[in-house]
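>
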Amino acid sequence: MPIIPCEKNEALRTMILEFAEVLRTQAHTLGDHGLDENEFYQSGLFRGAIERLRGQFSATMRPKREFVAVLLSHMEDLGFIEEWISAGAENRHDYTVTMPGGRLCAIELKGCLDGNNTNIFERPPHADEFVIWSVCSNEGADPRHNVQSGIHTRLSAEIIFRNQRVDGLVVWDWICGTIGRPCPKVANQPERFADVGPYRLPPPCIYMFPATVPTPRNNRSPNPQPIINVSFLDALNRCFGGRDEEVSSVRFTTDHRGNETVRSTRVERDGNVQYETAETPIRRA
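Numbering of the sequence shown is given in the numbering used here, commencing with residue 789 and proceeding in unit increments.
(1) Check Phe1040 in the structure and name its three-state DSSP category.
(2) Starting from the Cα of Arg835, find the closest Cα among Arg1054, Ala815, Asp824, Thr884 and give me that residue.
(3) Leu838 by DSSP, collapsed to three states: which one?
(4) Which runs of the alpha helix (DSSP H) spanning at least 4 residues fall entirely within the stretch 906-956, listed in chain order?
(5) Taking the C-alpha atoms as reference points, what is the distance between Ala975 and Ile838?
(6) Could you check the C-alpha separation between Leu841 and Asp955 for me, to the nearest Å?
(7) In the DSSP assignment, find the unbroken beta strand (DSSP E) run with Asp1032 in it and report its ends.
(8) Out of Cys900, Met887, Arg1045, which has the shortest C-alpha to C-alpha gap to Ser937?
(9) Terminal residues of the continuous alpha helix (DSSP H) containing Met863?
(10) Got a sec, what are the start and stop residues for the alpha helix (DSSP H) Gln830 sits in?
(11) The beta strand (DSSP E) spanning Ile967 covers which residue range?
(12) So, using beta-carbon positions, are His821 and Leu833 closer together than 9 angstroms?
(13) Rounded to whole angstroms, what is the Cα-Cα separation between His881 and Gly1029?
(14) Quick check: Val1038 and Thr1049, are their CB atoms within less than 9 angstroms of each other?
(15) Let me know the secondary structure DSSP gives Gln1013 once reduced to three states.
(16) Quick check: the Cα distance between Ile779 and Arg980, rounded to an integer number of angstroms?
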């Protein structure tokens, strides 16, 4: 069973690989650089251009921040949240959201979850709730690999080793529901799309984590909390047409094996196990 309902578009992946090969072998015919084929590839022009584009795509957070800002403003306009503010560059989180009941939720933006940046977060001491939001802007990425890697390999290790409670994870961006990342939630149900600003979105994928940090000695396998206990995630789900049976529950189980701390991860959705790991030692990247 899949850890996340959507999957990568294999046809698109094939086209990406084929186009990359064409670009690699025919790049010298593009532009007006005035170099012949041999000079072009020896000059480093091609490699330098690729590295520049790669850096521009990976480094900028602006489209991700614009995306989340549009959605938070939409939630504020409809009364699902009281207000939101950008936390600023000096903080380890990106947004603070005030809920109608007064609870404060801190949101940390991440990319595709399979990189070391996923390990870097700090729950603010003033936050009643702390949520990580994955915005993966790579159309060719594999969402199932990314979520598996993010939840088990990276987030669980940081939560347990650093005693950092994370209340939940949102995996949702503007590629969801497009040809690059088909979403079964809206298959044959186009009425489930939400049109917000320039975006047309299916309901979000939400993962509920335990309300306490797992510890091998006295809290081996705490229960995932229900979505109603995390007011921001509950509001997000209701605002954008999510259903209770689509919310995933994540259980981390910890133990000692010799001198090592090990943990396993189990993800359930609608009462069914979607993903389960064996016990693995914590290896922090």
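Note that the Cβ used here is the ideal one computed from N, Cα and C, for glycine as well.
These numbers were taken from a predicted model, which means no experiment stands behind them.
According to the structure shown:
(1) Counting from 1 along the sequence shown, the entry for residue 1040 is found at position 252. Phe1040: strand per DSSP, three-state reduction.
(2) Here residue 835 is taken as the residue at index 47 of the sequence shown, counted from 1. Nearest C-alpha to Arg835: Ala815.
(3) Stepping through the sequence shown from its first residue, residue 838 is reached at position 50. Sequence check: residue 838 is Ile here, not Leu. Looking at Ile838 - three-state DSSP - the assignment turns out to be helix.
(4) 931-936, 944-950
(5) For the purposes of this step, residue 975 is taken as residue 187 along the sequence shown, with counting starting at 1. For the purposes of this step, residue 838 is taken as residue 50 along the sequence shown, with counting starting at 1. Rounded to whole angstroms, the gap between the alpha carbons of Ala975 and Ile838 is 36 angstroms.
(6) As a first step, residue 841 must be located in the sequence shown, where it is residue number 53. As a first step, residue 955 must be located in the sequence shown, where it is residue number 167. Cα to Cα, Leu841 sits roughly 35 angstroms from Asp955.
(7) On the sequence shown, position 244 is the one that residue 1032 refers to. That residue, Asp1032, is in no beta strand (DSSP E); it is neither H nor E in DSSP.
(8) The residue given as residue 937 occupies position 149 in the sequence shown. Ranking the options by Cα distance to Ser937, first place goes to Cys900.
(9) If you number the sequence shown from 1, residue 863 lands on position 75. Here the alpha helix (DSSP H) through Met863 covers 850-865.
(10) Within the sequence shown, numbered from 1, the residue matching residue 830 stands at position 42. 825-831 is the extent of the alpha helix (DSSP H) around Gln830.
(11) Along the sequence shown, one-based indexing puts residue 967 at 179. Unbroken run through Ile967: none, as it is neither H nor E.
(12) Taking the sequence shown and counting its residues from 1, one reaches residue 821 at position 33. Taking the sequence shown and counting its residues from 1, one reaches residue 833 at position 45. Yes, they are a contact pair.
(13) The residue labelled residue 881 in the question sits at position 93 within the sequence shown. The residue labelled residue 1029 in the question sits at position 241 within the sequence shown. Roughly 26 angstroms between the two C-alpha positions.
(14) Locating residue 1038 in the sequence shown gives position 250, counting from the first residue. Locating residue 1049 in the sequence shown gives position 261, counting from the first residue. Result no, Cβ atoms of Val1038 and Thr1049 do not sit closer than 9 angstroms.
(15) As a working mapping, residue 1013 is identified with position 225 in the sequence shown. It is coil, neither helix nor strand.
(16) For residue 779 there is no data in the structure shown, the boundaries of the chain being 789 and 1073.
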